[in-house]
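Letter by letter, the sequence shown follows residues 238 to 303 in my numbering. No residue lacks a Cβ here, since even glycine has one placed at the ideal position from N, Cα and C. Data block below; observations after.
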Amino acid sequence: MTTLTVRGLWLAIAALTAVLVGATAGLLAWAGGLNPPTAVLTGGGGFGGTLLLILTAVRFTVGEPQ
Numbered sequence: 238m239t240t241l242t243v244r245g246l247w248l249a250i251a252a253l254t255a256v257l258v259g260a261t262a263g264l265l266a267w268a269g270g271l272n273p274p275t276a277v278l279t280g281g282g283g284f285g286g287t288l289l290l291i292l293t294a295v296r297f298t299v300g301e302p303q
């Protein structure tokens with residue numbers, strides 16, 4: 238596989254994981270009594286934080302030292 242293909246696969250895995258975490262965070266926030274707009278913001282924060290964490294970890298793990 239080429240480097241571009243591997244990067245695409247890592248991005249797809251990271252995005253799917255982040256969607257699952259964001260959706261779970263939003264649903265738990267809504268079930269906990271927050272109003273829907275605030276629950277959506279909570280889910281978005283969970284999505285963004287998870288995506289950044291995973292991409293940073295992947296970059297640290299397989300990236301070239303500078």
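To the nearest angstrom, how far is it from the Cα of Gly269 to the Cα of Gly263?
By 1-based counting over the sequence shown, the position of residue 269 is 32. By 1-based counting over the sequence shown, the position of residue 263 is 26. For Gly269 and Gly263, the distance between alpha carbons rounds to 10 Å.
Top-ranked residue by Cα proximity to Ile291, from Leu241, Ala249, Leu265 and Leu271
The residue labelled residue 291 in the question sits at position 54 within the sequence shown. Nearest option by C-alpha distance: Ala249.
Specify the secondary structure class of Thr239 as computed by DSSP and reduced to three states.
Counting from one through the sequence shown, the residue named residue 239 turns up at place 2. Three-state DSSP puts Thr239 in coil, outside helix and strand.
Give the DSSP-derived three-state secondary structure of Leu271 in the structure shown.
Here residue 271 is taken as the residue at index 34 of the sequence shown, counted from 1. Reduced to three states, the DSSP call for Leu271 is coil.
Determine the direct distance from the alpha carbon of Val299 to that of Met238, and round the result to whole angstroms.
Stepping through the sequence shown from its first residue, residue 238 is reached at position 1. Stepping through the sequence shown from its first residue, residue 299 is reached at position 62. Roughly 15 Å between the two C-alpha positions.
May I ask you to report which of helix, strand or coil DSSP gives Gly300?
If you number the sequence shown from 1, residue 300 lands on position 63. Coil, per DSSP.
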